[in-house]
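Enquirer: Position one of the sequence shown corresponds to residue -19 (our numbering), numbered consecutively onward.
All C-beta atoms, glycine included, are put in the ideal place defined by N, C-alpha and C.
Note that the coordinates shown come from a computational prediction; the quantities given were computed from them, not determined experimentally.
My questions will all concern the structure given below.
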Amino acid sequence: AEALKPPSDLMTLPYTANSDQKAEVYCSLLLRPLACPEVVGFTEEKSNEVRFIAPGSMVSNLDFVESIFGNGDNPDLAENDAALDPEHWTGTTGCVILAPHLIRLKKKDVGLPHISKATELQKRDGMCYEKDDELYNNGGAFKVCARDA
-19 AEALKPPSDL MTLPYTANSD QKAEVYCSLL LRPLACPEVV GFTEEKSNEV
31 RFIAPGSMVS NLDFVESIFG NGDNPDLAEN DAALDPEHWT GTTGCVILAP
81 HLIRLKKKDV GLPHISKATE LQKRDGMCYE KDDELYNNGG AFKVCARDA
C-alpha cells in the first residue's frame, strides 16, 4: 500500500512543475515485450504483458523502458488484448511500480518483528529490528516480488 502513497513532490508532472497549478498524477504504460521469438514450423512469436506505474515526476523512466521494449498500444482495443490472442501470449502479466520513497520505510513499519521475537533466520537476514528507527534494507533501493500460481 505504501508504494502507492508517494509524497507530493514525486507526483508532480515535470511539464507543470513551474506552473501555479501543478499536476500531480500517476503515469502508466502497458508493454508487450517479446518473450519467445517465432521459430518457423515450430512455435509462434509470444509476448507477455507488463504494466509500469510511476509517479508523475518519473514519467521519463517510462519513456526509457518503452524505448527498449516497445509499446503494447491501447489495451482497450480488441486487437491489443493479449487474452484474446492466446497463441501469441505467454499467459503471464507483470506489474512494476516505481516507488523511490520506499527507501524511507522503517523495518517496524513494514511489519518485521523486534529482534526479541525474531527467528534465527530473520536475525541472520536482517529481517528484524532492534531500534524503532532502523530503515528497511538500510535505506537502500530494493524490489518486492509477489507471485501466484
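1. Can we say the segment 50 to 64 touches the segment 19 to 26, given the rule of at least three CB pairs closer than 8 Å?
2. Cα separation between E4 and A63?
3. Put R84 into one of helix, strand or coil per three-state DSSP.
4. So, with DSSP's three-state summary, where would you put F32?
5. Can you find the residues in the same chain that come closer than 7 Å, C-beta to C-beta, to G119, ignoring five residues on each side of it along the sequence?
6. Assuming contact is defined by CB atoms lying nearer than 8 Å, are H81 and P(-6) in contact in what I supplied?
7. Tell me which same chain residues have a C-beta within less than 7 Å of the C-beta of P17, skipping the five on either side of it?
8. Whose C-beta lies closer than 7 Å to the C-beta of L187 among residues of the same chain, with five residues either side of it excluded?
9. Need the endpoints of the beta strand (DSSP E) that G76 sits in, please.
Expert: Taking the coordinates as given:
1. no
2. Position 24 of the sequence shown, counted from the first residue, corresponds to residue 4. Position 83 of the sequence shown, counted from the first residue, corresponds to residue 63. So the alpha carbons of these two residues sit roughly 32 Å apart.
3. Taking the first residue of the sequence shown as position 1, residue 84 is located at position 104. Correct three-state label for R84: helix.
4. Within the sequence shown, numbered from 1, the residue matching residue 32 stands at position 52. F32: strand per DSSP, three-state reduction.
5. By one-based count along the sequence shown, residue 119 stands at place 139. Around G119: I83.
6. One-based indexing of the sequence shown puts residue 81 at position 101. One-based indexing of the sequence shown puts residue -6 at position 14. Cβ distance not < 8 Å, so H81 and P(-6) don't count as in contact.
7. Within the sequence shown, the letter at position 37 stands for residue 17. Contacts found: E25.
8. Residue numbering for the chain in the displayed model covers -19 to 129; residue 187 lies beyond these limits and cannot be assessed.
9. Position 96 of the sequence shown, counted from the first residue, corresponds to residue 76. Before going on, a small fix: residue 76 reads as Val here, not Gly. Start and end: W69 to I77.
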